[in-house]
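Structure, as structure tokens:
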Amino acid sequence: MQPVILWFRRDLRLQDNPALAAAAASGRPIIPAFIWEAEEGSAAAPGAASRVWLHHSLHALDQSLRERDASLILRAGDSREELRRLVHETNAAAVYWNRRYEPDIIRRDAAIKSELKENGIDAASWNSSALIEPTDLLNASGKPFQVFTPFWKACLKREFEAAVASPRGPLKFTKEPPSSVALEELGLRPRRPWHETMMAANAPGEAAAAVRLKEFVKQSVEHYDSARDIPGIDGTSMLSPHLHFGEIGPRQIVDALPDHSDNPKGSRVFLSEVGWREFARYLLFHFPQTTDTPLKPDFERFPWEPDEHSLRRWQRGETGYPIVDAGMRQLWQTGWMHNRVRMIVASFLIKHLLQPWQRGAEWFWDTLIDADLANNTLGWQWTAGCGADAAPFFRIFNPFGQGEKFDAKGEYVRRWIPELRRLPDKFIHEPWTAPADVLKEAGLELDVHYPSPIVDHKMARARALMAYDKMRL
DNA sequence: TTTTGAGTTGTTCGA
DNA sequence: GTCGAACAACTCAAA
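Residue numbers (my numbering): 9 to 481.
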């Protein structure tokens with residue numbers, strides 16, 4: 009019998025996988041394949057940290073296939089070209105996959121699907137990664153929602169589909185697999201092994217994602233509504249990289265959330281974060297230009313002051329504002345940053361340093377293991393005030409105020425900036441205000457061990473508001 | 001059909 | 001120390 013090619017993309021799991029379930033139901037032998045296409049020039053081309061995660065995730069998927077006497081066929085190159093080849097080599101009758109929603113990828117996949125169909129191949133795709141597909145929902149006037157709350161209310165009125173049931177019986181894989189390149193040959197890991205420390209704290213793969221979800225539901229979701237704001241504790245789900253690569257799907261998350269607990273607010277707030285992920289994908293689908301263009305056109309006139317030096321000090325965590333620098337160093341060392349701190353550092357780059365939000369988005373894109381085009385776009389436009397349902401521009405985070413509020417004891421700052429460790433709590437977020445004897449006692453010399461602030465907060469705030477006024481003239 | 005009120009995450013100022 | 005108002009402007013849903 010002619011086989012079916014199961015084209016893995018951002019759905020690197022065997023559970024809750026509708027394309028896999030359909031392939032199994034077809035009765036055809038399955039050829040599980042992944043094609044590495046760098047997608048150069050596309051906004052969706054994965055960044056460096058993300059590629060490292062992908063490497064490990066592919067390895068994990070291959071391992072679980074090997075437990076089922078199969079293996080993941082790897083190819084590198086143009087997706088259309090490689091699929092053409094695979095179909096030819098294996099005489100496959102069908103190609104099944106789960107959809108992606110990035111603008112460039114949608115275009116590419118549509119072309120692939122029509123070509124396959126023209127050639128008599130059964131090409132079909134499913135939704136594995138959205139609770140609500142972007143095409144499924146419009147407001148009463150037939151337009152896409154642009155405000156989160158009405159969007160999410162409309163989503164919640166729908167019944168979310170449950171996760172896809174696992175196919176009955178053992179999966180039937182091909183006995184004659186086509187050739188595969190070795191995982192190493194994809195070149196997803198860097199030559200210089202900076203990724204080793206980054207991956208020490210991370211475990212890609214479907215099994216690890218399931219464990220993470222289970223632990224989160226058991227230990228953290230109940231207090232999520234308040235604990236998620238404290239960067240010094242592990243109050244967030246840490247599911248974002250797993251979600252990005254589809255090692256777990258949102259339906260599995262919804263299914264796992266408890267209906268009631270002592271604090272139903274925890275679950276509700278967490279679910280609405282999943283809702284923000286949906287909203288981000290929805291917006292990117294309906295406003296594909298927003299990856300680099302502000303949704304609010306006024307902001308094309310914003311008087312940014314691009315400056316490599318400022319950008320670099322932000323990237324390196326050398327701004328002199330501890331909460332900002334701690335976040336940037338956590339990002340650099342682990343490929344992840346706490347959500348509260350992401351908002352703080354983004355606000356700082358945009359408003360205190362007047363750097364274009366696109367520069368920040370690029371840095372996150374390259375350094376985050378959970379880099380996701382839709383989430384990254386929404387997050388940066390939200391902070392910059394130029395996106396859908398964005399924060400008002402005048403909402404400028406005060407970096408030491410945020411530090412004092414959410415990291416009162418300085419646990420987070422001390423973890424990532426060891427040179428500040430001995431500073432008393434009172435000065436941990438404002439080292440430049442510490443008296444000389446306190447600094448000496450803490451073994452800290454400003455501008456030697458740790459920089460003075462790159463800009464004065466009050467001045468920078470006034471300057472940002474002035475720039476905003478200038479734009480609106 | 002038109003109007004009205006509310007809207008993830010904040011800060012500052014003055015009473 | 002605590003409180004409310006101001007900071008803009010626009011979308012969307014409900015009345």
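Built from N, CA and C at the ideal position, the CB exists for glycine as well. As the structure is a computational prediction, the values presented were derived from the model and not from experiment.
Beta-bridge pairing of residue i - partner residues as DSSP gives them
i: F181; result: I38
i: W44; result: A84
i: Y458; result: L454
Element boundaries [beta strand (DSSP E), containing residue i]
i: L28; result: First-last for L28: P26 to A33, but that is the alpha helix (DSSP H), not the beta strand (DSSP E).
i: F16; result: V12 to F16
i: Y104; result: A102 to N106
Residue interval of the alpha helix (DSSP H) (run including residue i)
i: S87; result: S87 to T98
i: S133; result: S133 -> not in any alpha helix (DSSP H); beta strand (DSSP E) instead, spanning D130 to W134.
i: I113; result: P111 to E126
i: I352; result: N347 to S355
i: F402; result: Premise fails: F402 is in no alpha helix (DSSP H) and is neither H nor E.
i: P330; result: P330 to T342
i: G368; result: W365 to T375
i: H250; result: S248 to H252
i: S228; result: Careful: S228 lies outside any alpha helix (DSSP H) and carries neither H nor E.
i: Q71; result: A56 to R74
i: T244; result: No alpha helix (DSSP H) holds T244; DSSP gives it neither H nor E.
i: A475; result: H465 to R480
i: Q323; result: E316 to R324
i: T143; result: Premise fails: T143 is in no alpha helix (DSSP H) and is neither H nor E.
i: H203; result: H203 to A208
Whole-Å CB distance - residue i paired with residue j, under 8 Å assumed
i: E110; j: A27; result: Incorrect: roughly 18 Å between the Cβ atoms, too far for contact.
i: G213; j: A68; result: 3 Å
i: I497; j: W44; result: Outside the displayed range of the chain (9 to 481) lies residue 497, so it cannot be described from this structure.
i: N135; j: R92; result: So it is not a contact: roughly 25 Å between Cβ atoms.
i: I113; j: E286; result: Incorrect: roughly 18 Å between the Cβ atoms, too far for contact.
i: L428; j: P439; result: 6 Å
i: D300; j: Q366; result: 6 Å
i: S65; j: F181; result: Their Cβ separation, rounded to whole angstroms, is 20 Å, which puts S65 and F181 out of contact at 8 Å.
i: A379; j: G368; result: Not really, about 12 Å apart at Cβ, beyond 8 Å.
i: A132; j: D374; result: The pair is not a contact, with the Cβ atoms about 34 Å apart (cut-off 8 Å).
i: K417; j: D433; result: 6 Å
Residue environment, residue i, which counts as buried when at least 16 other CB atoms sit within 10 Å
i: D333; result: buried
i: P11; result: buried
i: V155; result: exposed
i: E169; result: exposed
i: P364; result: buried
i: S137; result: buried
i: G35; result: exposed
i: V172; result: buried
i: M467; result: exposed
i: R21; result: buried
i: S122; result: exposed
i: G150; result: exposed
i: V456; result: exposed
i: G325; result: buried
i: K359; result: buried
i: A470; result: exposed
i: M474; result: exposed
i: F402; result: exposed
i: N99; result: exposed
i: E97; result: exposed
i: L124; result: buried
i: G195; result: exposed
i: N127; result: exposed
i: M207; result: buried
i: P37; result: buried
i: P305; result: exposed
i: Q23; result: buried
i: G451; result: exposed
i: E441; result: Position check: residue 441 holds Thr in this sequence, whereas Glu was assumed. T441 is exposed by the Cβ-count criterion.
i: S460; result: exposed
i: G87; result: According to the sequence shown, residue 87 is Ser rather than Gly. Flag for S87 reads buried.
Contained alpha helix (DSSP H) runs [length at least 4] in the stretch 386-454, N- to C-terminal order: 407-414, 419-424 and 444-449
Let me know the alpha helix (DSSP H) ranges lying completely inside the stretch 147-191, each 4 residues or longer, listed in chain order. 156-165
Please list the segments of the alpha helix (DSSP H) lying wholly inside the stretch 261-310, counting only runs of 4 or more residues, in order along the chain. 272-294
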